[in-house]
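What follows is one structure encoded as structure tokens, with my remarks underneath.
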Amino acid sequence: MNRTHAPIKRKQKSILLTFLLILTLPIFIFTLLENRSFDFRNKAFEEIELSNLNPCIITFPNVNPYTIQVNSTVRIQVDGISENSTIKELTITDGSSNILFTKSYEDKMVNRVSESFPYTPLVARAYNLSGNMKDIAGNTFSCVISSPYDIKGVKAISLNSKPEFLTSPRDSIPSQSIQVGDTYEYTLEAKDVDQDTINYIYSFTKGEEWLESTIIDDGADGMLTIKFRGSTKKAGSYLANVFIHDGYSKHLSSQSWVISVSNKENDNPTVTIIDPSYSIVINEQGTVPLKWEVEDKNQIIRYEIYISQNPVNETTWEPIDTNVPGTQTNYTVDLNNKEDGAYRLIVRAIDDQEPAGVGVDISEEILISRNTESPEKPDDNVELPEPQIINMSPTSKDEVKNNIPTIKASLIASEGAVVQDSSIIFKLDDRDVTDEIKINEVEENQHTVIYIPPSGLTNGVHKVSIYFEDSNGGEREVEWTFSIGDESASSDSDVFNILGLEIPKRTLYIVFGGIALIALAIIVPLLLPLIWKDTSKEVSKNTILPDSIPPTTEIPVIPISSPANKLTQEKFLAPEPDVTNIEPENEVIATTSPVAIDAKEIEEPKEEITVVDSSGQTTVEGITPMFEDSQPEPDLENLYDQLKELEEKEENKEKDTTS
1 MNRTHAPIKR
11 KQKSILLTFL
21 LILTLPIFIF
31 TLLENRSFDF
41 RNKAFEEIEL
51 SNLNPCIITF
61 PNVNPYTIQV
71 NSTVRIQVDG
81 ISENSTIKEL
91 TITDGSSNIL
101 FTKSYEDKMV
111 NRVSESFPYT
121 PLVARAYNLS
131 GNMKDIAGNT
141 FSCVISSPYD
151 IKGVKAISLN
161 SKPEFLTSPR
171 DSIPSQSIQV
181 GDTYEYTLEA
191 KDVDQDTINY
201 IYSFTKGEEW
211 LESTIIDDGA
221 DGMLTIKFRG
231 STKKAGSYLA
241 NVFIHDGYSK
251 HLSSQSWVIS
261 VSNKENDNPT
271 VTIIDPSYSI
281 VINEQGTVPL
291 KWEVEDKNQI
301 IRYEIYISQN
311 PVNETTWEPI
321 DTNVPGTQTN
331 YTVDLNNKED
341 GAYRLIVRAI
351 DDQEPAGVGV
361 DISEEILISR
371 NTESPEKPDD
381 NVELPEPQII
391 NMSPTSKDEV
401 KNNIPTIKAS
411 LIASEGAVVQ
421 DSSIIFKLDD
431 RDVTDEIKIN
441 EVEENQHTVI
451 YIPPSGLTNG
461 VHKVSIYFED
471 SNGGEREVEW
481 TFSIGDESAS
491 SDSDVFNILG
501 LEIPKRTLYI
511 VFGGIALIAL
521 AIIVPLLLPL
531 IWKDTSKEVS
541 KNTILPDSIP
551 PTTEIPVIPI
561 SSPANKLTQE
571 KFLAPEPDVT
581 NIEPENEVIA
591 TTSPVAIDAK
601 EIEEPKEEIT
611 VVDSSGQTTV
621 EGITPMFEDS
631 QPEPDLENLY
641 DQLKELEEKE
651 ENKEKDTTS
């Protein structure tokens, strides 16, 4: 007798999978609680605000913490708060038991701290920065990393590339030289291959506002696109400048250009500096050759040469020579007296008309970096001749679902100046909320402004505006927008509001996870007997006895030589009447009555069985009614049973004979 074992193997696999599910469920619940959501990318690195739920946060105010360049020094900001007790100690480590920062506050008795310290990764890998804040009561709070970037943590890479311009002012429409009333247009594009945020500063000729800028891509995802467009009825040479950087001082780039607007009666000279044609670096004392060419319908009477670190602001122009003959188109500039920094040369051309036409051009950047010792500064300290507002968040690219977002920005004073806190103006949707902001001082020249709305904001677009001044008289104002999605604030909060009672999500997850485990412990014992029960039937086969006839409702065609067919013919087949010699008595159409048949000879009318012999003759086996019209419905099932009974008797006789 053969047996099949496949069902038992399948049951064993099912039992094994069941136990694996039971063992992995606690791990799954623990992982879910640690992440607090199914989005494993953000773990603890989503941007969070300082609160009782997160009393200590770690931030990188100037750079992307997931693309820190190896051997570069960047600054880390740590903010802590303790409402129930005073802070005793703060310690930050790099995950390898190396202490990056530690400080005691036992003598100061403070409940809020803000610290900044340098950090230099030496190996290209991921770092698990963590920290603890202790209060006098003995409580310990973990420090969590907060970042506006969609990242996994802190990571150092071998090389961080600087952002680059993809377009040139030479692509201006119709050109950089236009007439009054004409519309000028230029689309500036820049890209950072590391997808770091591109910070930018745009400046135009002071007192002139006819050239409007429209931000298409704000640089949040490594792409910056700004469209400049406008027209004026006032002739002159207008200067535009854009600084871009990704937070590193050595990754600063700029694009400066001149828009020459001429009167229809007198065109302005078109000046083009042809040397230096690209950015140069000067490491030693020396000079720079300056060459230019000019086009004008009138005679040039003189040229003026200046040098400046901020060519857009004419008050910063330092004259080199203001009376170069009109026939001279080259000059050697002495830079021996200049301090280290980034400079540009400016050439002005004046013609002989009244009023005189003036043309201006600006050279490529000249970086002076001699081998003189300079004070140690972090690599993420970008100082510019103008104040700047960088690292705004949330941006237009962010998918904000929380109706109470944390709005922040970094304010950086111009070179050699400090931020004037009293000058800061913070507006949300054109409403002044300056009194509600928090200011964290990273350094004297850099402050971080944080605003958390006291109530939920409506879904849709919101506008933020920040203005400040520095001690040098520089000022900066920036506006940007962000959008809040359709999901409510409760979906992203850390608590559930049930009947007015706020219950932490983590607590509910633990409770529901415990209930699920208990239910599973009850259900599994009930499922195991069902799993072990073998519902498969053993199939046995007797090789001696012939196969049984499968049940069917189909009437088989029985051969003529078969014993059953012969018996059936003898018992049920009536002789065919001879109707050839019957003469009709009357030629009258009459209804023929059925012929009476003895019930003893025919038990019940049966269905016809048609048999074709070897000669091609068709015969009818079984009971054939004499008159087909009057035949009652045959009982096929009874006929089949009788045939089967006769066949089994014949088979039994043959078996007995064999035995």
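In terms of UniProt numbering, the sequence shown is residues 1 to 659.
C-beta: ideal position from N, C-alpha, C; glycine also.
Just so it is clear, the structure is predicted and the values come from calculations on it, not from any experiment.
In the pairwise beta carbon analysis, the stretch 159 to 166 is classified as touching the stretch 236 to 252: at least three pairs are separated by under 8 Å. By the Cβ criterion, the stretch 257 to 264 is not in contact with the stretch 191 to 198, since fewer than three pairs of Cβ atoms, one from each stretch, lie closer than 8 Å. In this structure, Thr272 sits near Trp292, with a CB-CB distance shorter than 8 Å. By the Cβ-count criterion, Pro174 is exposed, with fewer than 16 other Cβ atoms from all chains shown falling within 10 Å of its own Cβ. A residue is called buried when at least 16 other Cβ atoms come within 10 angstroms of its Cβ; Glu469 meets this threshold and is buried. Of all C-beta pairs linking the stretch 287 to 307 to the stretch 213 to 225, fewer than three are shorter than 8 Å, placing the two stretches out of contact.
Look at Phe101 here: in three-state DSSP terms it is strand. Between the C-alpha atoms of Gly219 and His462 there is a straight-line separation of about 18 Å. A direct Cα-to-Cα measurement between Gln69 and Ala156 gives close to 6 Å.
Counting only runs of at least 3 residues, the stretch 220 to 276 fully encloses the following beta strand (DSSP E) elements, listed from N- to C-terminal order: 223 to 230, 236 to 245, 253 to 262, 270 to 275. The shortest CA-to-CA distance from Asp429 to any of Ile439, Ser422, Ile466, Asn445 is the one to Ile466. Gly95 sits in coil when the DSSP states are folded into three classes, being neither helix nor strand.
Around the Cβ of Tyr105, a 10 Å sphere holds 16 or more other Cβ atoms; the residue is buried.
Spanning the alpha carbons of Ile390 and Ile412 requires a straight line of approximately 8 Å.
Contact between Leu252 and Val382 holds: their C-beta atoms lie close to 6 Å from each other, under 8 Å. Val78 carries a strand assignment under DSSP once its states are collapsed to helix, strand and coil. Note that the C-beta distance between Gly359 and Ser237 is below 8 Å.
Within the stretch 321 to 400, the complete beta strand (DSSP E) segments of 3 residues or longer fall at 330 to 334, 341 to 351, 358 to 362, 366 to 368, 388 to 393, listed in chain order.
Collapsing the DSSP output to three states places Ile510 in a helix. The three-state reading of DSSP puts Leu90 in strand, counting E and B together.
A Cβ-Cβ contact shorter than 8 Å links Phe60 with Ile76. Taken through DSSP and simplified to helix, strand or coil, Ala519 comes out as helix.
About 23 Å separates the beta carbons of Phe482 and Pro387, which is beyond the 8 Å limit, so they are not a contact pair.
According to the DSSP assignment, Gln420 belongs to the beta strand (DSSP E) that extends over 419 to 428. Taking C-beta atoms under 8 Å as the contact rule, Ser85 and Asn52 fail to qualify, at a distance of about 12 Å.
Taking C-beta atoms as the reference points, Asp196 and Thr73 fail to come closer than 8 Å.
Assignment of Asp217 by DSSP, reduced to helix, strand and coil, places it in the strand class. Within the stretch 425 to 476, complete beta strand (DSSP E) segments of at least 3 residues are found at 438 to 443, 446 to 451, 460 to 470, given in chain order. When DSSP states are grouped into helix, strand and coil, Asp135 belongs to the strand group. Put simply, the stretch 428 to 446 touches the stretch 110 to 129. At least three CB pairs are less than 8 Å apart. Residue range 407 to 412 is occupied by the beta strand (DSSP E) that includes Ile412. The C-beta separation of Ser414 from Asn472 comes to about 5 Å, placing the pair in contact by the 8 Å criterion.
Per DSSP, the continuous beta strand (DSSP E) segment holding Trp292 begins and ends at 287 to 295. Linking Tyr186 to Thr232 through their CA atoms gives a straight-line distance of about 15 Å.
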